[in-house]
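Just so you know, our numbering puts 114 at position 114 of the sequence shown, and the rest follows in order with no gaps. Here the structure comes first, spelled out in structure tokens, and everything after it is commentary.
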Amino acid sequence: MPDRAPLTPRGNRPALEHVSHLAFFLVVGAGLVRLAQLEIPLCWYIVTVSGLLAVAYAGGLAYWDRLGPLGRHLWIPLLLLLWTALVFLAPSPLTTAYVWCAVPLACAALRVLGRRSATVSVAVITVVLVDALVQSTGRFDPEVVLVPVAAVWGTVALYRGQQRDAAIRQRLVEELRDTRDTLARQQRQAGVLAERTRIARDLHDTLAQELAGSLMLLQAAERDWDARPEVTRTRVRAVADGLDGNLAETRRMIRDLTPTTVAEAGLEGALRLLCDRSRQEGAAARVRFRLLGTHQPALDDQAATTLFRIAQNALANVREHAHAVNVLVTFHRHPHRVELEVSDDGVGFDPAVTFVSERSPGAVRTDRGFGLPAARARLRECGGDLDVSSAPGRGTRIRASVSARPRPRPVEPSFTPATAR
Numbered sequence: 001m002p003d004r005a006p007l008t009p010r011g012n013r014p015a016l017e018h019v020s021h022l023a024f025f026l027v028v029g030a031g032l033v034r035l036a037q038l039e040i041p042l043c044w045y046i047v048t049v050s051g052l053l054a055v056a057y058a059g060g061l062a063y064w065d066r067l068g069p070l071g072r073h074l075w076i077p078l079l080l081l082l083w084t085a086l087v088f089l090a091p092s093p094l095t096t097a098y099v100w101c102a103v104p105l106a107c108a109a110l111r112v113l114g115r116r117s118a119t120v121s122v123a124v125i126t127v128v129l130v131d132a133l134v135q136s137t138g139r140f141d142p143e144v145v146l147v148p149v150a151a152v153w154g155t156v157a158l159y160r161g162q163q164r165d166a167a168i169r170q171r172l173v174e175e176l177r178d179t180r181d182t183l184a185r186q187q188r189q190a191g192v193l194a195e196r197t198r199i200a201r202d203l204h205d206t207l208a209q210e211l212a213g214s215l216m217l218l219q220a221a222e223r224d225w226d227a228r229p230e231v232t233r234t235r236v237r238a239v240a241d242g243l244d245g246n247l248a249e250t251r252r253m254i255r256d257l258t259p260t261t262v263a264e265a266g267l268e269g270a271l272r273l274l275c276d277r278s279r280q281e282g283a284a285a286r287v288r289f290r291l292l293g294t295h296q297p298a299l300d301d302q303a304a305t306t307l308f309r310i311a312q313n314a315l316a317n318v319r320e321h322a323h324a325v326n327v328l329v330t331f332h333r334h335p336h337r338v339e340l341e342v343s344d345d346g347v348g349f350d351p352a353v354t355f356v357s358e359r360s361p362g363a364v365r366t367d368r369g370f371g372l373p374a375a376r377a378r379l380r381e382c383g384g385d386l387d388v389s390s391a392p393g394r395g396t397r398i399r400a401s402v403s404a405r406p407r408p409r410p411v412e413p414s415f416t417p418a419t420a421r
């Protein structure tokens, strides 16, 4: 098995590290306090080694990002060397205190080194611990030796269990991410199929019907070309008028199917341009755009295009049916969602009657193939919803909201040995 870097559980990592760091410095500090109370000839040697051990430990924490892979792997052997010298230099009353540094050092080895190297380091710590305690007491005392050994290996077992839990959680997160990506692809495919169906329906209801009617009129005109010239000319003019309207409708469909302004100018810029164009085309005397919110939520292309289409069709309906004087398009950016609102002071309508007529067979669609139920369905595919408020003579307000995610901000990585790779 390769010597891989350990996987640290994210949820427990800060608390475990802080506790182990605090325990290490408390043990070293308590040993120095106890040393000051004793009169032994090696006092200054012990103080020097203790200081070097504390400085090496703190320096590794403070300059972890600058050490590099080699320096990080040399940090643990340096700590073990200084700790070994300390426990063998210290007199018997201090040995039992300094041996408890073995637990924080074992935690550091588990976090920094790979599985095999960490196991070897913990084994070395155990051997040094047992040898130091046996020499300090002059015999093998199970009550003195087994307690710190059990603490070290209990910490190892606990940490390995947390590593396994972290690996399971990471695998579940990856599986969930893969599932989410699969669902997103399926939703996009379903959206493409739905869009094709809508385009086919619109072509059938507009272009195909008009062409069929024009063909019938031309065939009738051909039959009456000599016998009834006036009727023939009337039919030809009707065909020309129908084809002219059909051409305009086809151009409108092409324009609606290629919202390049969203990709080029972004959703906000596209909405501004749409308001300017709608005012120039006479949708209302005043068409204003208002931007609210300072957040920068991230929208995917499908959600942005859907919101743009809703605004596009809402302004088209204002131009054709509302007879409004004032139109306000508001784009509100929240931390986790965006809202698009199109309000006018036109004639209004009854949404309930409109929804029923759209469901009725043979109903005349006045919303250019992108009705309110269809808009609501598309928004729900993007994680949003549509709210319509209107009444005859009281204007109309259409509010579309879509869930979004905050744009990630660059964060300076804070040191923790567990996050190093």
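For each residue, glycine too, the CB sits at the ideal point set by N, CA and C. Since this is a predicted model, take the numbers as computed values, not measurements.
(request) With a 10 Å radius around its C-beta and 16 neighbouring C-beta atoms as the bar for buried, classify Val127 as buried or exposed. (result) exposed
(request) Give, in chain order, every unbroken run of the alpha helix (DSSP H) that is at least 4 residues long and sits entirely within the segment 295-339. (result) 301-317
(request) Kindly give me the distance between the Cβ atoms of Thr330 and Leu292, rounded to whole angstroms, as I take these residues to be in contact under 8 Å. (result) 6 Å
(message) DSSP has Phe289 in a bridge; who is on the other side?
(response) Val329
(request) Look at the Cβ atom of Val49, then the Cβ atom of Leu110, and state whether they are nearer than 9 Å. (result) no
(request) Starting from Ser343, follow its DSSP beta bridges and name the residues at the other end. (result) Leu328 and Arg397
(message) Counting C-beta neighbours from all protein chains within 10 Å, is the total for Val145 16 or more, i.e. buried, or is it exposed?
(response) buried
(message) Applying the 10 Å Cβ sphere with the 16-neighbour rule, what's the burial state of Trp320?
(response) Checking the sequence, you will find Glu at residue 320 rather than Trp. The residue in question, Glu320, is exposed, as its Cβ has fewer than 16 Cβ neighbours within 10 Å.
(message) In this structure, how does DSSP classify Gly383 when only helix, strand and coil are distinguished?
(response) coil
(request) Pull up the distance between the alpha-carbon of Gly31 and that of Leu129, whole angstroms please. (result) 16 Å
(message) Under DSSP, the alpha helix (DSSP H) around Leu110 begins and ends at which residues?
(response) Ala102 to Val112
(request) Look at Ser278 and Leu315 and say whether their C-beta atoms are less than 9 Å apart. (result) yes
(message) Looking at Val27: is its Cβ nearer than 9 Å to the Cβ of Cys101?
(response) yes
(message) Can you give me the C-alpha to C-alpha distance between Gln219 and Ile310, rounded to a whole angstrom?
(response) 40 Å
(message) Could you compute how far the alpha carbon of Leu211 sits from the alpha carbon of Ala284?
(response) 33 Å
(request) Could you tell me the distance, in whole angstroms, from the CA atom of Gly213 to the CA atom of Leu176? (result) 54 Å
(request) Ignore the nearest five residues each way along the sequence and tell me which others in Ala303's own chain have a CB closer than 6 Å to its CB. (result) Cys382 and Val402
(request) Report buried or exposed for Gln312, applying the criterion of at least 16 other Cβ atoms within 10 angstroms of its Cβ. (result) buried
(request) Look at His323 and Val287 and say whether their C-beta atoms are less than 9 Å apart. (result) no
(request) Taking only the alpha-carbon atoms, compute the straight-line gap between Leu267 and Thr305 and give it to the nearest angstrom. (result) 8 Å
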